[in-house]
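Following my numbering, the numbering of the first sequence begins with 372 at its first residue and continues without gaps.
This report concerns only the one structure given below.
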Amino acid sequence: MAIIQAIRGTKDILPQEIPYWQQVETIASQILARAMYQEIRCPIFEQTSLFERGIGEATDVVGKEMYTFCDRKDRSITLRPEGTAGVVRAYIEHSLYSLGGVQRLWYKGAMFRYERPQEGRQRQFHQIGVELIGTDAPRSDVEVIALAVDILQALGLKSLRLDLNSVGNKEDRSNYREALVNYFTPYKLDLDPDSQDRLTRNPLRILDSKDAKTKEIAKNAPSIINYLGVNSRKHFEQVQQLLTDLKIEHKINPCLVRGLDYYTHTAFEIQSDDLGSQSTVCGGGRYDGLVRELGGTETPAFGCAFGMERLILLLQQQGKAQKTKPDFYFVSKGEKAEAQALILAQKLRNLGFTVELDLSGSAFGKQFKRADRSEAYACLILGEEEALINNINVKWMLSKKQETFSQSKLLEISDQLRQQINESKQN
RNA sequence: GCGAGCGUAGCCAAGUGGUUAAGGCAGUGGUUUGUGGUACCGCCAUUCGUGGGUUCGAGUCCCAUCGUUCGCCCCA
């Protein structure tokens, strides 16, 4: 019988990897909570038109990467390829602006893009995203970027680069686009085929090309910085200044272009050298036009998202796994003893201990072997002899010292036991 | 979507057309039927991702397919 496998580009996250996921989720949620960001959970699928309108029909994400299907009533549904559009839809639908002030939101969850899988890129992947909606203050850009940097630092990740750019407002961008087309058109035949295509589709992308000849030509291309209007330029300069004030290292990268249409002004990307070609760990920027585009009133906003799989790849490279060890490994044999052990184990758990109960009923020697492998701090031993007089033995695995208590006494001295376990943990 | 590499047990693998598919780790049973980490012994792939083909003979060659990795595209 053929084995059914997980779908291409999807992965099971197995118990061994869960500690990494929990670490990322815990640290991110703590740091965001301290800055008064609140979690929001939106549906995993939406009307297709939300993404077409929000992300932009011409983008790769919408053009060739969406999981789109018709439901039983022939409505076009799409599995979300990113989180911002859904959050903004919810913001408008539930009039979150009426709560006054800015909305500080974050989310985590699965996203779907139909792409060729490789290291750090899957068809179902997970993001943690942050959205700050309702202000265009340069400080808000920096608040979010600083939080992103904080999260990465708290995770202990090293050798990360922060790249920064401004793509201006709509007008700046169309001026710049025109300038680029004018610059590159005379060289058209010297460009790599992809870039020739980009000339009409997305000229900003030519700057990002990895082709040597194209790179050479792009060297002297006009820079976006020179096409920013007065306000755009001022915003960008303030963001840079504030980052510097916060001692957040960053590099201006005029070639940095975000792939989704809704970005305006500040764009940023945090990359690692320790991943393959999918090196971006966090990306984001300002999206002042999106709320309006989706039918709300003109509302500025800023956001970013982390690729959780990529964060976890980095954490794993740094080998920060830790096995969960039980406080007690419970060894028991004999009908009466096994029944008592089940009850005692539960009582100990209710007192806050982690207890792994050996259910095998096999020879004591075998159970001890497993106790050893579990790396428990102590072994609880309950055999037929102990069961008759309601006793229990506690054997400290490290010192090999064994003590005998009545079962009721064991529960009374839980503070002492806890203390001894903590001492063992120090070693 | 395009180009290239890879696919032998849970994991790491040897094997490059010739009888029964090395080895190691992990697992499991025992030496030790009430006391662990070491040691020793036993077990653990009727089959080499899957399907077809070439051949007297295929894990080994060919084709297809699936998966995976790397690069491009793109992105988190």
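Virtual Cβ for every residue (Gly too), placed ideally from N, Cα, C.
No experiment lies behind these values; they were computed from the predicted model shown.
Same chain, Cβ closer than 8 angstroms to residue i, neighbours up to 5 away in sequence not counted
i       : result
Ile-426 : Val-432, Val-433, Pro-452, Glu-453, Ala-456, Leu-631, Asp-632, Tyr-633
Thr-556 : Leu-570
Trp-477 : Ala-399, Ser-400, Leu-403, Tyr-408, Gln-409, Glu-410, Ile-411, Ile-499, Gly-500, Val-501, Glu-502
Leu-722 : Leu-782, Ser-785
Ser-745 : Lys-696, Pro-697, Tyr-700, Glu-727
Cutoff 6 angstroms; reference residue i; Cβ partners in own chain excluding five residues on either side
i       : result
Ala-592 : Tyr-554
Asn-546 : Tyr-598
Met-372 : Bear in mind that a pLDDT of 47 at Met-372, under 50, signals an unreliable position, so the number given afterwards is only what the model happens to contain. Cβ neighbours of Met-372 beyond the five flanking positions: none.
Asp-340 : The structure shown has nothing for residue 340, since the chain only spans 372 to 798.
Arg-720 : Val-726
C-beta atoms of residue i and residue j nearer than 7 angstroms
i       : j       : result
His-621 : Leu-614 : yes
Arg-484 : Glu-410 : no
Val-765 : Asp-729 : no
Ala-519 : His-497 : no
Asp-645 : Gln-609 : no
Ile-596 : Leu-535 : no
Ala-716 : Glu-755 : no
Val-459 : Leu-661 : yes
Gln-649 : Arg-492 : yes
Ile-335 : Tyr-748 : Nothing can be reported for residue 335, as the shown portion of the chain is limited to 372 through 798.
Ala-742 : Cys-750 : yes
Tyr-672 : Ile-516 : Per the sequence shown, residue 672 should be read as Ala rather than Tyr. Not a contact, by the Cβ cut-off of 7 angstroms.
Thr-637 : Ser-511 : no
Opening and closing residue of the alpha helix (DSSP H) in which residue i lies
i       : result
His-621 : Careful: His-621 lies outside any alpha helix (DSSP H) and carries neither H nor E.
Phe-829 : This structure cannot settle anything about residue 829, because the visible part of the chain is limited to 372 through 798.
Ser-566 : 564–572
Sequence-distant residues of the same chain with beta carbon closer than 7 angstroms to residue i, five excluded per side
i       : result
Thr-449 : Phe-416, Glu-417, Thr-419, Phe-422, Met-437, Tyr-438, Thr-439
Asp-579 : Cys-626, Val-628
Asp-543 : Tyr-598, Leu-599, Gly-600, Ser-603
Asp-561 : Lys-584, Ile-588
Ile-389 : none
Pro-386 : none
Ala-461 : Ile-411, Cys-413
Lys-586 : Ser-580
Arg-443 : none
Residue span of the beta strand (DSSP E) that contains residue i, given as start and end
i       : result
Met-437 : First-last for Met-437: undefined, no H or E at that position.
Gly-674 : 672–678
Cross-strand partners of residue i (DSSP beta bridge)
i       : result
Ser-777 : Asn-762
Lys-479 : Ile-499
Thr-651 : Gln-642
Ile-752 : Val-702, Asn-764
Looking at C-beta atoms only, is the number of pairs between the region 413–421 and the region 464–471 that lie closer than 8 angstroms three or more?
no
So, do the region 726–740 and the region 777–796 have three or more beta carbon pairs nearer to each other than 8 angstroms?
no
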